[in-house]
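Residue numbers (our numbering): 123 to 308.
Virtual Cβ for every residue (Gly too), placed ideally from N, Cα, C.
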């Protein structure tokens, strides 16, 4: 009997065997996802969101933001979100010896990359994984529409709470007194 690619289950140990060639390797439910390094504008939006979160964090001393951190939920679930924010209390318990996050931060942000496959990954596969492992809030930033979709934990799942456009103000119950005009993130 032939083994199909759907029968292969990748683990985080397999990532050590892959080349360091500028590709981004993520594993969701044992499936290997390979993407290219993000486009300049994508990275620029990630930096702007990270800076807004880090600036607020420095003012409040409540936590820290990071851009493109490794996030290892399990042997078969390991992703690289565009931006995360974690409180100091959570951060103290969620770093492994290699410096990877091994538990859910309060906030995860993904910036949509062009293409149906990329959009489906962020809107479905990553939404599911972040919901499963306990992320409190998930933002999907759409740089084409200058829009941020905010998903919040409700009844144990992340559900779409609101969609904000360029002139709207982004706030969060996870980030007390944080606010930014959406357009400033793009």
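Buried versus exposed call for residue i [16 or more other C-beta atoms within 10 Å across all chains shown]
{"i": "residue 303", "result": "exposed"}
{"i": "residue 289", "result": "exposed"}
{"i": "residue 125", "result": "The predicted position of residue 125 is uncertain, since its pLDDT is 45 and thus under 50; no value can be drawn from it."}
{"i": "residue 168", "result": "buried"}
{"i": "residue 185", "result": "buried"}
{"i": "residue 174", "result": "buried"}
{"i": "residue 191", "result": "buried"}
{"i": "residue 223", "result": "buried"}
{"i": "residue 187", "result": "buried"}
Closest residue to residue i among the options (Cα-Cα distance)
{"i": "residue 104", "options": "198, 159, 167 and 208", "result": "In the structure as shown, the chain begins at 123 and stops at 308. Residue 104 is therefore absent and cannot be evaluated."}
{"i": "residue 221", "options": "135, 193 and 237", "result": "193"}
{"i": "residue 134", "options": "144, 154 and 143", "result": "154"}
{"i": "residue 206", "options": "232, 181, 265 and 198", "result": "232"}
{"i": "residue 179", "options": "307, 301 and 200", "result": "301"}
{"i": "residue 272", "options": "255, 147, 293 and 164", "result": "293"}
{"i": "residue 295", "options": "148, 305 and 276", "result": "276"}
{"i": "residue 164", "options": "181, 236, 137 and 175", "result": "236"}
{"i": "residue 202", "options": "281, 158, 280 and 283", "result": "158"}
{"i": "residue 280", "options": "298, 230 and 234", "result": "230"}
{"i": "residue 307", "options": "298, 129, 282 and 267", "result": "267"}
{"i": "residue 225", "options": "234, 136 and 213", "result": "213"}
{"i": "residue 284", "options": "278, 265, 261 and 305", "result": "261"}
{"i": "residue 152", "options": "140, 143, 211 and 129", "result": "129"}
{"i": "residue 161", "options": "136, 188, 204 and 137", "result": "204"}
{"i": "residue 265", "options": "177, 166 and 245", "result": "166"}
Proximity of residue i and residue j at Cβ, strictly below 8 Å
{"i": "residue 243", "j": "residue 259", "result": "no"}
{"i": "residue 198", "j": "residue 131", "result": "yes"}
{"i": "residue 249", "j": "residue 241", "result": "no"}
Supposed close pair residue i, residue j - CB separation, criterion 8 Å
{"i": "residue 171", "j": "residue 263", "result": "7 Å"}
{"i": "residue 269", "j": "residue 252", "result": "Going by Cβ atoms, the distance from residue 269 to residue 252 rounds to 19 Å, so no, they are not a contact pair."}
{"i": "residue 196", "j": "residue 148", "result": "So it is not a contact: roughly 13 Å between Cβ atoms."}
{"i": "residue 298", "j": "residue 257", "result": "Not confirmed; about 18 Å, so no contact."}
Host beta strand (DSSP E) of residue i (start-end)
{"i": "residue 212", "result": "First-last for residue 212: 210 to 213, but that is the alpha helix (DSSP H), not the beta strand (DSSP E)."}
{"i": "residue 259", "result": "259 to 264"}
{"i": "residue 185", "result": "185 to 189"}
{"i": "residue 140", "result": "Per DSSP, residue 140 belongs to no beta strand (DSSP E) and is neither H nor E."}
{"i": "residue 276", "result": "269 to 276"}
{"i": "residue 285", "result": "279 to 287"}
{"i": "residue 299", "result": "297 to 303"}
{"i": "residue 224", "result": "Premise fails: residue 224 is in no beta strand (DSSP E) and is neither H nor E."}
{"i": "residue 149", "result": "146 to 150"}
First through last residue of the alpha helix (DSSP H) which encompasses residue i
{"i": "residue 193", "result": "Looking at the DSSP string, residue 193 is not in any alpha helix (DSSP H); the run it does join, the beta strand (DSSP E), is 193 to 196."}
{"i": "residue 174", "result": "162 to 182"}
{"i": "residue 254", "result": "248 to 254"}
{"i": "residue 241", "result": "238 to 242"}
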